[in-house]
Amino acid sequence: MITYATVEEAERALGRAMTWVEAAWFRHSGSTPDYCLYFESLVILIAAYSLTALPLALFELCMPALAVQASAQVAILDGDSHNVRYNEQIAGIRTGLPLPSAEEVALQLLVYMLMEDYLGYWLHRLLHCEWAYDNIHYVHHEYPAPMGFAAGHSHWAELLILGFPAFFVTIIVPCHMATLWLWYAIRAAMAVETHSGFDFPFSPTKLIPFYGGVERHDYHHSGGRMMQSNFAPLFVICDYIYGTDDYRHHRASLVKLKDMANISAKKEVFDGSNCRKKD
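First residue of the sequence shown? That's -19 in this note's numbering, and the numbers climb one at a time after it.
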């Protein structure tokens, strides 16, 4: 809750006029208790997840042939999945003025992504151990060719395990509540995108260096219980360092097969032309 009673009092404390964003934040959070703002993080997360996945689901219904693995899309299998969401109290999250600068937000988001990618890599890899997969992670892999809404299709324990890094990094590097909301929204959108099955060339994630993306995660889902590669949630760095980026070799094999098919097709056309000339 902001401690200033009026806009004028807040501007005197800041020593300057508030920006329009800060004014909007003051109107929204000025008399709102902090625990209510924490609860709104849950609303932001669900809204970002739903609003990102819905257009992708409609796109899949209208143009399924554009999916990365269109022929492999299957219906959900029967399973006992209890999806739960949880809210948390986060130490060090500030809610007052001034709002963080764009540079501070960008730096914090970068740190969060790198930290979560490392933690998420090892937790995800742990879930592919025999016991963890058979009792927990199998639910998420009921989609061998996932879609956007499959991002949240997980055992309740997995939601806690793989959701922990995104929350934990904000304790290690505290931020403003607005940054927390933005971080949750971005992570929900990125999770939906990597499960969407569509590798759009215009996606903003194409601008992120070393980003794993849709094709790698789609490849990870295609292997099910036997898959022991491409565990990192965001970047390719951990998979490359620890030797689990099998998708690189898979893609190279596909390119080689495609080249061989093109050569074979050209040879057939050439042989056909020669036969017609002889006739």
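Every residue, glycine too, gets a C-beta built ideally from N, C-alpha and C.
DSSP places H120 in the helix class (H, G or I) of the three-state scheme.
Secondary structure at R(-4): coil, using DSSP grouped into helix, strand and coil.
Judged by pairs of C-beta atoms under 8 Å, the segment 91 to 101 does not touch the segment 115 to 127, as fewer than three such pairs exist. R(-8) has its alpha-carbon roughly 36 Å from the corresponding atom of A146. In the three-state reduction of the DSSP assignment, F19 falls in the helix class. For H156, the beta-bridge partners assigned by DSSP are R74.
DSSP, reduced to helix, strand and coil, places Y227 within a helical segment of the structure shown. In the DSSP assignment, Q88 falls within the unbroken alpha helix (DSSP H) covering 82 to 107.
Here Y(-16) is not bridged, per DSSP, to any residue.
Annotated three-state conformation of F215 is strand, per DSSP.
No Cβ-Cβ contact shorter than 8 Å links I166 with F190. Short of 6 Å from the beta carbon of L36, and not among the five residues preceding or following it, lie these beta carbons of its own chain, in chain order: G128, S176.
In terms of Cα proximity to V149, the closest of L90, S21, L34 is L90. Taking a 10 Å sphere around the C-beta of D225, we find 16 or more other C-beta atoms and assign the residue as buried.
By the Cβ neighbour-count rule, A86 is exposed, with fewer than 16 other Cβ atoms within 10 Å of its own. Residue pairing from DSSP places Y191 in a beta bridge opposite F215. CA-CA distance, R7 to F144, rounds to 31 Å. Between V194 and T174 a beta carbon distance of about 6 Å is seen, short of the 8 Å cut, so the two are scored as contacting. W102 has its alpha-carbon roughly 25 Å from the corresponding atom of I26.
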